[in-house]
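Position 64, counted from 1, in the sequence shown is what the working numbering calls 65; the numbers after and before it change by one each time, with no gaps.
To keep things clear, I will list the structure first and then write my remarks on it.
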Amino acid sequence: MRIVLYVIWALFVAGVIFALIHSLRKTRRREKLVAGWPKVQATVTGNVVGWTNGGGGSTRSRRFYPTYQFAHPAGTLYAGESEVSYANQQVPGSLVE
């Protein structure tokens, strides 16, 4: 019985190690791909209002997600919404990198 528990524990540890190595390789690969992207500054065009989930027994609070636009060095105009939230509204016209 004890050997079975050791085998199960060893398989669990091996699975965790495999998952860690896999995620590290995936992260490094993505960083290498993104490193070649051109760096541009985006202009804030507005804010989208959201809420925190109030997890852990805390109260919910308002969060602001800035919308922005930027021009590709080739001249194409792109628009998007940030995945990073802020406690205060971002001023339209301010720059984001």
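Just so you know, even glycine gets a beta-carbon here, dropped at the ideal spot from N, CA and C.
Remember, it's a predicted structure, so these values are computed and weren't measured experimentally.
Assigned secondary structure, residue i (DSSP; H/G/I helix, E/B strand, else coil)
i     : result
Val50 : strand
Val45 : strand
Val85 : coil
Val92 : coil
Residues near residue i in its chain [Cβ-Cβ closer than 8 Å; skip 5 each side]
i     : result
Thr68 : Val45, Thr46, Gly47, Asn48, Val49, Ala80, Gly81, Glu82, Ser83
Arg64 : Val50, Gly51, Trp52, Thr53, Ser86, Tyr87, Ala88
Residue i, enclosing beta strand (DSSP E) - first and last residue
i     : result
Thr68 : 63-72
Gly81 : 78-82
Range covered by the alpha helix (DSSP H) that runs through residue i
i     : result
Ser24 : 3-36
Whole-angstrom distance between residue j and residue i, CA atom to CA atom
i     : j     : result
Gly94 : Ala43 : 9 Å
Ala88 : Glu98 : 18 Å
Arg61 : Asn54 : 6 Å
Met2  : Ile22 : 31 Å
Gln90 : Ala75 : 30 Å
Trp10 : Val17 : 11 Å
Same chain, Cβ closer than 6 Å to residue i, five either side skipped, listed in chain order
i    : result
Ala1 : The question about residue 1 has no answer, for the chain in this structure spans 2 to 98.
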